[in-house]
Amino acid sequence: MQKSLTPRFLTIGVILAWAVYALLPTWEYQQMTEEEKEELRTLGELEKTESRIIRQGLDLKGGMYIVLEADIPLLVSNLASMKDDRLNKIIDDSKEKSIKQNQDFISVFDTEVRNDGIKLSRYYHEYGASLDQIITSLNEEADDAINRVLEILQNRVDQFGVSEPTIQKQGKHRIVVELAGIQDSDRARALLQSTALLEFYLVKNVSVTNEVIAQLDNALKGDQNLASSLKDDTKEINEVDKEESTTVSELFGEEQVTPNESTENEDFDDDIFLENPFSGLLTAIPGDMGVEEKNLYALKKLLDREEVKSTLENSNGQFLLSQQSEPITANDPKNYYKLYYLEKRPELTGGIVEEARADLGSLGGGSAGQPVVSLSMNSEGSRTWSRVTGANVGERIAIVLDQKVHMAPSIREKIPGGRTQIEGFADLNEAKDLAIILRAGALPAPVNIIEERIVGPSLGADSISQGTQAVLIGLVSVLIFMLAYYKLAGTVADFALIWNILLVLAVLASLQATLTLPGIAGLILTVGMSIDANVIIFERIREELRKGKTPKAAIDSGYDRALTTIIDANVTTLIASLVLYQFGTGPIKGFATVLFWGILISMFTAVFITRTIFNAYISSRSLTKLSI
Numbered sequence: 183m184q185k186s187l188t189p190r191f192l193t194i195g196v197i198l199a200w201a202v203y204a205l206l207p208t209w210e211y212q213q214m215t216e217e218e219k220e221e222l223r224t225l226g227e228l229e230k231t232e233s234r235i236i237r238q239g240l241d242l243k244g245g246m247y248i249v250l251e252a253d254i255p256l257l258v259s260n261l262a263s264m265k266d267d268r269l270n271k272i273i274d275d276s277k278e279k280s281i282k283q284n285q286d287f288i289s290v291f292d293t294e295v296r297n298d299g300i301k302l303s304r305y306y307h308e309y310g311a312s313l314d315q316i317i318t319s320l321n322e323e324a325d326d327a328i329n330r331v332l333e334i335l336q337n338r339v340d341q342f343g344v345s346e347p348t349i350q351k352q353g354k355h356r357i358v359v360e361l362a363g364i365q366d367s368d369r370a371r372a373l374l375q376s377t378a379l380l381e382f383y384l385v386k387n388v389s390v391t392n393e394v395i396a397q398l399d400n401a402l403k404g405d406q407n408l409a410s411s412l413k414d415d416t417k418e419i420n421e422v423d424k425e426e427s428t429t430v431s432e433l434f435g436e437e438q439v440t441p442n443e444s445t446e447n448e449d450f451d452d453d454i455f456l457e458n459p460f461s462g463l464l465t466a467i468p469g470d471m472g473v474e475e476k477n478l479y480a481l482k483k484l485l486d487r488e489e490v491k492s493t494l495e496n497s498n499g500q501f502l503l504s505q506q507s508e509p510i511t512a513n514d515p516k517n518y519y520k521l522y523y524l525e526k527r528p529e530l531t532g533g534i535v536e537e538a539r540a541d542l543g544s545l546g547g548g549s550a551g552q553p554v555v556s557l558s559m560n561s562e563g564s565r566t567w568s569r570v571t572g573a574n575v576g577e578r579i580a581i582v583l584d585q586k587v588h589m590a591p592s593i594r595e596k597i598p599g600g601r602t603q604i605e606g607f608a609d610l611n612e613a614k615d616l617a618i619i620l621r622a623g624a625l626p627a628p629v630n631i632i633e634e635r636i637v638g639p640s641l642g643a644d645s646i647s648q649g650t651q652a653v654l655i656g657l658v659s660v661l662i663f664m665l666a667y668y669k670l671a672g673t674v675a676d677f678a679l680i681w682n683i684l685l686v687l688a689v690l691a692s693l694q695a696t697l698t699l700p701g702i703a704g705l706i707l708t709v710g711m712s713i714d715a716n717v718i719i720f721e722r723i724r725e726e727l728r729k730g731k732t733p734k735a736a737i738d739s740g741y742d743r744a745l746t747t748i749i750d751a752n753v754t755t756l757i758a759s760l761v762l763y764q765f766g767t768g769p770i771k772g773f774a775t776v777l778f779w780g781i782l783i784s785m786f787t788a789v790f791i792t793r794t795i796f797n798a799y800i801s802s803r804s805l806t807k808l809s810i
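In this note's numbering, the protein residues as written are 183 to 810.
In structure tokens:
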């Protein structure tokens, strides 16, 4: 008998050794201090260690819960081949009504278009001739945009290094994101929302810029109410958006200092603005022109005026501001935004970026030891980049990210090969975030955060404590009951139950699964299901003993009779867990994962391990009576 049991004990021993090996990294990780983790991170070993542990979900580890909503009205507006006030009004009215009535924007837009009688094919001729065709196409574009947003966000978050993030649709145009373990909420928020629209624009030369500014002054001159209006507006200065954004230093060498004729504005003088309404807001700064922070709001109001828009449209140009303000000199208390006059259309966009990698600058260069992002372009981008840089040597090119100019260096020479380096980051994390965004792509539709919750580590620790307590109470209660009711057989069942829990945790560690509160609930349910299988077996053995069979015969017959019942009962649960995993999301998948493996392992421990122990015990003694 002992000889026949040897393979069984070898199998059990191998499985036990594997379980200990799989759980050891989790145990060691839990014992680490933050200093030890930081040391491993410095050595590049922490990621390897974290890949072998049981990860904790948002409710256990803490992190961020964010609900994003795609800006479908803006998407619909951007899809129009042409726009006018009539279309803009319908879009604005539809947006307002869809929010008030809590309805789908495109459905409301469809109703408003029909009520207004506007011919939509005038604006969306690429999407069909009839209204129904256009609305259907816009719906498809919106659905496709949401799906692409989901994919892009998934790519960004995966590269961000979050353990088992949850990213799923909620309704038609909302996305729920759960990021476990994220404590830098600002960084995560910027990563999710950034459109990452990288563009390269040629900067118009000084003479063209000055000519356009003179045209704008002439177009605005004569408006008697303009000076007083601007003066009033500047009293309520709206500071430009201060949120962190990626800074980019010079790409190709030292910036070329080109004098620019602009009128310095120390005081808001009515006479100056009557004579020079536009240039009166500008200040000459080395190499460029700028606008003082206090005049920024007034400048933006001027740029929104129809006569200014018309002049810029005819000149095929646009004004864009720098991404942040800074003083002209170290002792200057005033901050200025640089103002650039650029070509209307970009020479290149971020879509040509094939690879973006953050690293430290190599020795021998001006960026040695500093964070940089190296860009590699696709074949089309490489050809265009080579042509643009070759044809515009000595000219300036603006690097624009999300409609903010980060730098406008001079092109020193033709750049073949499509390789460019972006420098000047505050730290390596900033460079990594930009690289992630550029690799993942630009969002097809802007997303806005409409709900945000942060689960602190302390709350997560309380959840772990309560979950662990629940598991231990349930486990101890079951262990005591089985021992008291089934005596020796109960001891065997208790051993198998502990085995079951260890094996489930080992599988979770091997699969790099994430344990959540629902997962802990699944573990508790597994405890009950495991004992249920043993109860069925023990009751069958009791029945066989009542028939007068020997302990060995009763055990063999009891296991054989119980096997079918155990399989039938557990297979149905397995099917339910697979359905939950396939169609569930987030914590539901965690629950389904624990339940699935818990059921499989409970069947193995109940049928294989307990039977092996019983057979070994009986073979070592000549028993005439079994304690069960």
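For each residue, glycine too, the CB sits at the ideal point set by N, CA and C.
Bear in mind that the values here come from a model prediction, so they are computed numbers and not experimental data.
- I810 places its beta carbon 8 Å or farther from that of I680.
- In the assembly as shown, N297 is an exposed residue. Its beta-carbon has fewer than 16 other beta-carbons within 10 Å.
- Per DSSP, the beta bridge partners of K586 are L583.
- By the Cβ neighbour-count rule, Q505 is buried, with 16 or more other Cβ atoms within 10 Å of its own.
- Secondary structure of E393 (DSSP, three-state): helix.
- Residue burial annotation: K586 is buried, with at least 16 other C-beta atoms found within 10 angstroms of its C-beta.
- Burial state of P769 is buried, judged by a 10 Å Cβ sphere holding 16 or more other Cβ atoms.
- The shortest CA-to-CA distance from V582 to any of G576, P591, V575 is the one to P591.
- Looking at the backbone, the Cα of L478 and that of L502 are separated by about 12 Å.
- Per DSSP, the unbroken beta strand (DSSP E) holding R601 starts and ends at 601-604.
- In this structure, Y523 lies near V394, with their beta-carbon atoms less than 8 Å apart.
- Taking every protein chain shown into account, the CB of I631 has fewer than 16 other CB atoms within 10 angstroms, so this residue is exposed.
- Here DSSP, grouped into helix, strand and coil, assigns Q505 to coil.
- In terms of CA proximity to G730, K807 leads the group V473, P468, K807.
- The way I'd put it, the segment 289-306 doesn't touch the segment 664-676; fewer than three beta-carbon pairs between them come closer than 8 Å.
- About 4 Å separates the beta carbon of E726 from that of A736, a gap short enough to meet the 8 Å contact definition.
- For P700, the uninterrupted alpha helix (DSSP H) run begins and ends at 699-728, by DSSP.
- Taking C-alpha positions only, V674 is separated from F796 by approximately 8 Å.
- A617 and T794 have their C-alpha atoms roughly 56 Å apart.
- Judged by DSSP in its simplified three-state form, V358 adopts strand.
- Secondary structure of E536 (DSSP, three-state): strand.
- For P255, the closest alpha carbon among the candidates L269, G543, G245 is that of L269.
- Our two residues, K526 and W567, have alpha carbons roughly 18 Å apart in a direct line.
- The shortest CA-to-CA distance from L481 to any of R356, L402, T650, V339 is the one to L402.
- In this chain, M471 is not harboured by any alpha helix (DSSP H); it is covered by the beta strand (DSSP E) spanning 470-474.
- Residue environment analysis places A550 among the exposed positions, since fewer than 16 neighbouring C-beta atoms fall within 10 angstroms of its C-beta.
- In its chain, beyond the 5 residues on either side, no residue has a beta carbon closer than 6 Å to the beta carbon of T754.
- By the neighbour-count criterion, in which 16 or more other beta carbons inside 10 Å mark a residue as buried, D266 falls on the exposed side.
- At a Cβ-Cβ threshold of 8 Å, Q350 and V249 do not count as neighbours.
- In the three-state DSSP reduction, I636 falls in the strand class (E or B).
- If you ignore the 5 residues before and after H307, its C-beta comes within less than 8 Å of the C-beta of S263, all in its own chain and listed in chain order.
- Between I702 and V653, the CB-CB gap stays under 8 Å.
- A Cβ-Cβ separation of about 14 Å leaves I273 out of contact with S289 under the 8 Å criterion.
- Looking only at A252, S389, G244, G600, the smallest Cα-Cα distance to D325 is reached by A252.
- Going by beta carbons, G499 and K596 fall outside the 8 Å limit.
- The alpha carbon of R565 has as its nearest neighbour, out of S544, L530, V575, the alpha carbon of L530.
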